[in-house]
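Okay, so here's the structure we're looking at.
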Amino acid sequence: MWTTPEHDKYRLKIREFAEGEIAPYTHTMDDEQSFRMELVPRLNELGLLGLQVDRAYGGSFTDTLTYIIAVEEVSRVCGSTGILLAAHNSLGTYPIYRFGNEEQKRKYLPEITSGGKLSAFGLSEPEAGSDAGGTKTYAAKTDGGYLVNGGKCWITNGGIARTIVFTARTSKEKGVKGISSLILSAGTKGFTVGKKENKLGMRGSDTRVLHFEDMFIAESDRLGEEGQGFKQFMITLDGGRVSIGAMALGIAQGAYDIAAKYAIKRKQFGKPIAEFQGIAFKLADMATQLQAARHLIYHAAILKDKPGIRFTREAAMAKLYASEIANNITYAAIGVLGAEGYSQDYAVERMYRDAKLCEIGEGTSEIQRLVISRLIVDEVSQSTSTFGLPREKANTE
Ligand code: CAA
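In this note's numbering, the protein residues as written are 498 to 894.
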């Protein structure tokens, strides 16, 4: 319903790449907790690092739906590669494209959109997780720029990125309006990459602590005006949440595909287990949830491309629903495969571990519910309709 024949053709191309070139590495990336960097030049060649950026800055600009299909197809095979792409495109690169001035775009984008280098996004801190406005990292004004002290945590691509967009407080007084976005290059004096997190899932993804100690950032590397950082990051996260939805959808689709194939081949009591209602109904529920998630995500992706439309609610709904069904579907897939699903011989146990991240990263499910409910309350309180009011106040006889 949402896709064109071009989208469908593109999906097949990315599926072929993911199954042929990423799948051979998924077990070792998970075991060794390390991304296979030899994949990055291929991601670059396929234009997957510049999907949200105009060709003038080295990008391979596509509509958001095409980008979302790419994240979905890659995540179907490998969640760790999916999150690398989502964090790079939506979080590390997009803010420079959207909020950067011409000089910043020319300076930073070509390298990360088509030069084979990666980007990352630094928002979370020990005291600023769900409360993104609680940033403590401080950028003190100095000659020509800022001296930054503090750090970030849970940064996807943190140790392998060339360019990192991050938030810091440029005023101690103004609450969220005292936060600004700054651009940092790997190798900057005072910047060190800290410990790599040992995670339940997404183990191929490079998740780091970052330290800033008297790190000089030039004023020319600030995105927009001082104080605009919080709003810029909220807008960035709206797009990011659609891509996390796509990642969840892809992981769930992968688990479903494996479970459905297994259920048709695996025989017990003289017939394929797919012919038993206990399994068949599980597959039916999975397929229905996948379809519903796909509609929510594609709709949000299409809205993102419509000028002047705020799609915060749709993005939060898509991410919330897709992450929750991804957890259900990967869990159910293990059930379909039984003991085989519990073993590392099949990918479903990794997918189950990877899916959990989707309910946490880029805003937990609780935060998505908070965002949705606040917007619903605003909408309902602005309504002038008399529908549902008591008889004496409504326009009824
Ligand atoms: N678009 C535009 N503006 C927005 C906005 C949006 N989506 N959301 C908020 N704003 C604006 C508000 O309108 C408000 O502006 P005004 O004061 O001018 O009216 C301002 O921003 C402050 O908004 P709130 O009062 O709503 O702010 P809050 O402090 O109550 O926080 C929150 C809101 C929804 C809880 C927010 O802090 C949030 O989303 N938290 C979760 C953070 C998160 O997702 N972190 C994930 C880190 S990234 C990550 O995980 C990366 C990875 O690698 C996996």
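No residue lacks a Cβ here, since even glycine has one placed at the ideal position from N, Cα and C.
Owing to the predicted nature of the structure, the values given are computational and were not obtained by experimental measurement.
(message) Could you give the first and the last residue of the continuous alpha helix (DSSP H) run that contains residue 550?
(response) Taking the sequence shown and counting its residues from 1, one reaches residue 550 at position 53. Run containing residue 550: none; DSSP gives neither H nor E here.
Rounded straight-line distance, which links the Cα of residue 577 to that of residue 787
Position 290 of the sequence shown, counted from the start, is the residue given in the question as residue 787. Position 80 of the sequence shown, counted from the start, is the residue given in the question as residue 577. If I take the Cα positions, the gap works out to 20 Å.
request  = Please confirm if the stretch 787-803 is in contact with the stretch 739-754, defined as three or more CB-CB distances below 8 Å between the two stretches.
outcome  = yes
Original post:
Hey, out of 503, 536, 528, 529, whose CA is closest to residue 519's CA?
Top reply: Position 22 of the sequence shown, counted from the start, is the residue given in the question as residue 519. The shortest C-alpha separation from residue 519 is found at 536.
What residue range does the alpha helix (DSSP H) around residue 671 cover? Translated into the one-based positions of the sequence shown, residue 671 becomes position 174. Careful: residue 671 lies outside any alpha helix (DSSP H) and carries neither H nor E.
Point to revise | Residues that residue 877 bridges to, as DSSP identifies them | key: Residue 877 sits at position 380 when you count from the first residue of the sequence shown. Per DSSP, none; premise fails for residue 877.
Kindly confirm or deny that the stretch 671-688 and the stretch 719-736 touch, where touching means at least three C-beta pairs closer than 8 Å.
yes
Using a Cβ distance threshold of 8 Å, determine whether the stretch 695-704 contacts the stretch 750-765, with at least three qualifying pairs required.
no
Q. Distance, Cα to Cα, residue 698 vs residue 885?
A. Numbered from its first residue, the sequence shown carries residue 698 at position 201. Numbered from its first residue, the sequence shown carries residue 885 at position 388. For residue 698 and residue 885, the distance between alpha carbons rounds to 47 Å.
- [ ] Could you tell me which of 533, 501, 561 sits nearest to residue 799, measuring between CA atoms?
- [x] Residue 799 sits at position 302 when you count from the first residue of the sequence shown. The candidate whose alpha carbon is nearest that of residue 799 is 561.
Tell me, to the nearest whole angstrom, how far the beta carbon of residue 862 is from that of residue 821; I am working on the premise that it is less than 8 Å. The residue labelled residue 862 in the question sits at position 365 within the sequence shown. The residue labelled residue 821 in the question sits at position 324 within the sequence shown. Confirmed, Cβ separation roughly 7 Å.
TODO: Please classify residue 850: does DSSP put it in a helix, a strand, or coil?
DONE: What you label residue 850 is simply residue 353 of the sequence shown in a count that begins at 1. Three-state DSSP puts residue 850 in a helix.
Every unbroken alpha helix (DSSP H) within the stretch 631-672, with a cutoff of 4 residues, ordered by chain: none
Q) What does a CB cutoff of less than 6 Å around residue 852 pick up in its chain, not counting 5 residues either side in sequence? A) Within the sequence shown, the letter at position 355 stands for residue 852. Excluding sequence neighbours, residue 852 sits near 748, 823, 824, 827.
If I'm right that residue 583 touches residue 751 with Cβ under 8 Å, what's the distance once you round it to whole angstroms?
-> Stepping through the sequence shown from its first residue, residue 583 is reached at position 86. Stepping through the sequence shown from its first residue, residue 751 is reached at position 254. 15 Å between Cβ atoms; not a contact.
So, at 8 Å on beta carbons, what are the nonlocal neighbours of residue 594 in its own chain, with the 5 sequence-adjacent residues on each side left out? The residue you call residue 594 lines up with position 97 of the sequence shown. Counting only Cβ-Cβ distances below 8 Å, and skipping sequence neighbours, we find 549, 550, 551, 554, 556, 602, 606.
- Query: Mapping DSSP to helix, strand and coil, what is residue 832?
  - Reply: Position 335 of the sequence shown, counting from 1, holds the residue named residue 832. Here residue 832 sits in helix by DSSP.
Discussion item. Can you look up residue 861 in the DSSP assignment and give me helix, strand or coil?
Written reply: As a first step, residue 861 must be located in the sequence shown, where it is residue number 364. Reduced to three states, the DSSP call for residue 861 is coil.
Note to self: Mapping the DSSP letters down to three states, classify residue 614 as helix, strand or coil.
What the structure shows: Within the sequence shown, numbered from 1, the residue matching residue 614 stands at position 117. Residue 614 falls in the coil class under three-state DSSP.
Q. Where do the ends of the alpha helix (DSSP H) carrying residue 596 lie?
A. Within the sequence shown, numbered from 1, the residue matching residue 596 stands at position 99. 591-596 is the span of the alpha helix (DSSP H), which, as asked, contains residue 596.
Task: Cutoff 6 Å; reference residue 634; Cβ partners in own chain excluding five residues on either side - done: Position 137 of the sequence shown, counting from 1, holds the residue named residue 634. Cβ neighbours of residue 634 beyond the five flanking positions: 647, 665.
- What's the gap between the Cα of residue 521 and the Cα of residue 498? On the sequence shown, position 24 is the one that residue 521 refers to. On the sequence shown, position 1 is the one that residue 498 refers to. Distance between the alpha carbons of residue 521 and residue 498: 33 Å.
- request: Using alpha carbons as the reference points, say which of 581, 850, 809 lies closest to residue 895.
  value: As displayed, the chain neither begins before 498 nor continues past 894, which places residue 895 out of reach and without an answer.
Review point. Under a Cβ-count criterion, where at least 16 other Cβ atoms within 10 Å of its own Cβ denotes burial, should residue 567 be classed as buried or exposed?
Key: Residue 567 sits at position 70 when you count from the first residue of the sequence shown. Residue 567 is buried by the Cβ-count criterion.
- Query: Shortest alpha-carbon distance to residue 530 belongs to which of 711, 819, 764, 693?
  - Reply: Your numbering for residue 530 matches position 33 in the sequence shown. Checked all of 711, 819, 764, 693; the closest Cα to residue 530 is 693.
What do you reckon, is the C-beta of residue 856 under 7 Å from a heavy atom of ligand 1?
Counting from 1 along the sequence shown, the entry for residue 856 is found at position 359. For ligand 1, not one heavy atom lies less than 7 Å from the Cβ of residue 856.
Worksheet item: For residue 619, which beta-bridge partners are listed by DSSP?
Response: The residue given as residue 619 occupies position 122 in the sequence shown. The partner list for residue 619 (beta bridge, DSSP) reads 663.
query = With a cut-off of 8 Å, do at least 3 Cβ pairs link the stretch 614-624 to the stretch 774-785?
reply = no
By how many angstroms is the C-alpha of residue 712 removed from the C-alpha of residue 784?
Counting from one through the sequence shown, the residue named residue 784 turns up at place 287. Counting from one through the sequence shown, the residue named residue 712 turns up at place 215. If I take the Cα positions, the gap works out to 50 Å.
Along the chain, where does the beta strand (DSSP E) containing residue 726 start, and where does it finish? Counted from its first residue, the sequence shown places residue 726 at position 229. Premise fails: residue 726 lies in the alpha helix (DSSP H), 726-762, not in any beta strand (DSSP E).
Q | Terminal residues of the beta strand (DSSP E) in which residue 886 lies | A | Along the sequence shown, read from residue 1 onward, the residue named residue 886 stands at position 389. Careful: residue 886 lies outside any beta strand (DSSP E) and carries neither H nor E.
Check your understanding: Going by alpha carbons, who is nearest to residue 627 out of 771, 687, 854, 859?
Key -> Translated into the one-based positions of the sequence shown, residue 627 becomes position 130. Of the candidates 771, 687, 854, 859, the one whose C-alpha sits nearest the C-alpha of residue 627 is 859.
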